[in-house]
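Each residue of the sequence shown is one higher than the one before, counting from 1 in full-length UniProt numbering. One structure below.
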Amino acid sequence: MAFPKSHEILALTSQHESNNRVSANFLTREILNEALILVRSLSPEEVFRLTKTETGQIAFTLGELKDENNRRLTANTIESGQRPGGRINHLDNRINVSFPGTSWQMGARVQHFENIASSTVGGAGLVLIAGLWTGAGSGVGSILGRNAAQLAVVTGTYLGKRFVTNKTMVVNQMAAHIKNLADMFNSTHNAFNDFKFESAAKRAQYSPDPQAEYPITFEQKVTDNNAVPANYAETIQAIVRRFVTGTYERVDIVGQGDMFIKVFFSDGELDISKAQYDYLSNLKLP
């Protein structure tokens, strides 16, 4: 049972500035928030599959992940996981492409243009219609986002190749960040699963002292042994009791104060604050 540390969760959810992973270095806050919306809505099985998917494959299917999130947002029923917390607008690997002299236009994967840009000679090539985020400076992250201005570039030119290279870099960073989030969600889910089984097993083996005037319950023994402060003891005892008696299903990671973690049981939900999570994730069961 190995819970992710709370500072690791914060770095991937609400305190991106503390994230020293390369995947978040150049991504805008909109993109980081949309990545969290995406992963939060997935079931444990879907998250697990994402952890086993190569980063390059995630990058290649980013557009489909965006479309599926937005479809589930407006669906009448949720087949798995939970309804997404919002619409995804920026998390995409597609570029609007058109041919000169025609009205034909479609969204195509940037990976296709990366191959074209590396092989096109001179000025020949497709014309790309791409959105540039004009308000975000010259960073790589400004390739995507709001306040889009339209720029036509020819793939075979230096500017076209540079645009495709930058866009590809951003898409790859998006995919790496999504995979990091999936790994964190999967690790947290597995840790809570292990905690459920271990706490239930040790509770079944526990026998209070029959000679004691006031027998100590298993949950009280847990907080006593771990020197949990009095102002948190009852809350931690209640959380342990919920895992002992309830049927754990999945976890939702919010990463903000009192809504740090949401745990789903078959009969309801349990909100866990950051302080409670810190105590819970470090418990040694008797």
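Heads up, the beta-carbon is just placed ideally off N, CA and C, and yes, glycines get one too.
- A direct Cα-to-Cα measurement between residue 197 and residue 169 gives close to 42 Å.
- Boundaries of the beta strand (DSSP E) around residue 250: 248-256.
- Nearest to residue 70 by C-alpha distance, out of 37, 60, 54 and 50, is 37.
- Annotated three-state conformation of residue 285 is coil, per DSSP.
- Put simply, of 195, 81 and 51 the residue whose alpha carbon is nearest the alpha carbon of residue 247 is 195.
- Boundaries of the beta strand (DSSP E) harbouring residue 270: 268-272, taken from the DSSP string.
- Within the same chain, 4 and 12 come within 6 Å of residue 184 by CB-CB distance, once the 5 residues on both sides are set aside.
- Membership of residue 261 in the beta strand (DSSP E) is indicated by the continuous run 259-265.
- In terms of Cβ geometry, residue 81 and residue 43 form a close pair [threshold 7 Å].
- Within 10 angstroms of the beta-carbon of residue 179 lie 16 or more other beta-carbons, which makes it buried.
- Per DSSP, the unbroken alpha helix (DSSP H) holding residue 40 starts and ends at 29-40.
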